[in-house]
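Heads up, the thing below is written out as structure tokens.
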Amino acid sequence: MTRRNPRTTAKSQALQLPTHQPKPQLTPPTSLKMNLSSIRPAFRPVTSRIAQLSNNALQRSFAPTTRRTIRPTPATTTTTRSPFSTTARLLKRNRSAKNATDPRITAIRYHLTHPLTPRPLHFSRTRALRHWTIHRAWLLFLRKRRRAEELELERQYNSMRAACEHLRLLDNNGNRVSEAEAGGQGPDAGRLGVRGREVGRLYRAAMLKRGVWGSVPVEYARVQTDFPGREGWNHAWTRS
1 MTRRNPRTTA KSQALQLPTH QPKPQLTPPT SLKMNLSSIR PAFRPVTSRI
51 AQLSNNALQR SFAPTTRRTI RPTPATTTTT RSPFSTTARL LKRNRSAKNA
101 TDPRITAIRY HLTHPLTPRP LHFSRTRALR HWTIHRAWLL FLRKRRRAEE
151 LELERQYNSM RAACEHLRLL DNNGNRVSEA EAGGQGPDAG RLGVRGREVG
201 RLYRAAMLKR GVWGSVPVEY ARVQTDFPGR EGWNHAWTRS
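Just so it is clear: in the sequence shown, position 88 is 88 by full-length UniProt numbering, and no numbers are missing.
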């Protein structure tokens, strides 16, 4: 049997490392236990709901992709806009203004249709209609006069052509002959007819332009003056 030195034993006990001692469990009071037990069932459905959401998320992630159509909400489709003018609202609110005339319209009508308004400012539909009627009547008169002048010139030309044709078919005795005897028509206009120069002598003399282009034009037959005369034309054909 070995003997232990009391000094060594005390020293070894002093140098010995402290061992881990378990912490004493704290027991809550009875009142706290009762409170926790009363609210514990309220949190049980939350855990099950979280698990259900996680399962749904996994199913959507591994499920085949499908095309979803996003429908716009009513807030994005319908927008409320206030009107630019509030005149209609104000008139609708005022019950007495239903049958009343707007004073602005009355003022405009007064200044437009008043008989004492100056002529340039008297804008009326009848005045514009009168102006349009007179203008169209004037244009119609000009068109008729221009058409009458054209018809008169055409009549004069046809008369001169008929007179020249009559002269072309006359012989020396003043008798009318046929086209074959007269000649002067067709591709060879200078060709004489069967009867030769006996036919159309007056016509050829009328068609001669000898001395016409070298003479004084009829416009310069009157003496040139600085101012026109009092009478535009001497209808009596008297010498002045």
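Yeah, the Cβ is synthetic: ideal placement off N, Cα and C, and Gly gets one too.
Outcome for R168 when other beta-carbon atoms lying within 10 angstroms are tallied against a minimum of 16: buried
Three or more C-beta pairs below 8 angstroms linking the segment 153–172 and the segment 194–205: yes
Buried versus exposed call for A128 [16 or more other C-beta atoms within 10 Å across all chains shown]: exposed
L153, DSSP secondary structure in three states: helix
Start and end residues, alpha helix (DSSP H) containing S236: Residue 236 is actually Ala in this sequence, not Ser. A236 -> no alpha helix (DSSP H), and no H or E assigned at all.
Cross-strand partners of L170 (DSSP beta bridge): R176
Boundaries (first-last residue) of the alpha helix (DSSP H) holding R104: P103 to T113
Backbone CA spacing between G200 and A182 [nearest angstrom]: 7 angstroms
Beta-carbon proximity list for D226, same chain, < 6 angstroms, skipping 5 on both sides: none
For V199, three-class secondary structure by DSSP: strand
Outcome for V218 when other beta-carbon atoms lying within 10 angstroms are tallied against a minimum of 16: exposed
Euclidean distance between Cα positions of K144 and G229: 32 angstroms
Under the three-state DSSP convention, the category S159 falls into: helix
Backbone secondary structure at T225 - three-state DSSP: coil
Assigned secondary structure, R230 (DSSP; H/G/I helix, E/B strand, else coil): coil
Straight-line gap, G211 to R130 (C-alpha atoms, nearest Å): 57 angstroms
Status (buried if at least 16 other CB within 10 Å, exposed otherwise) for V177: buried
Nonlocal neighbours in the same chain, by C-beta distance under 7 angstroms from E231, ignoring five residues either side: none
Secondary structure of A75, DSSP reduced to three states: Note that A75 scores 49 on pLDDT, short of 50, meaning its location in the model is unreliable; the coordinates nonetheless yield the value given after this. In the structure shown, A75 sits in a helix (DSSP, three-state: H, G or I).
Through-space distance from K209 to N173, alpha-carbon basis: 25 angstroms
Local conformation of L208 per DSSP, three classes: coil
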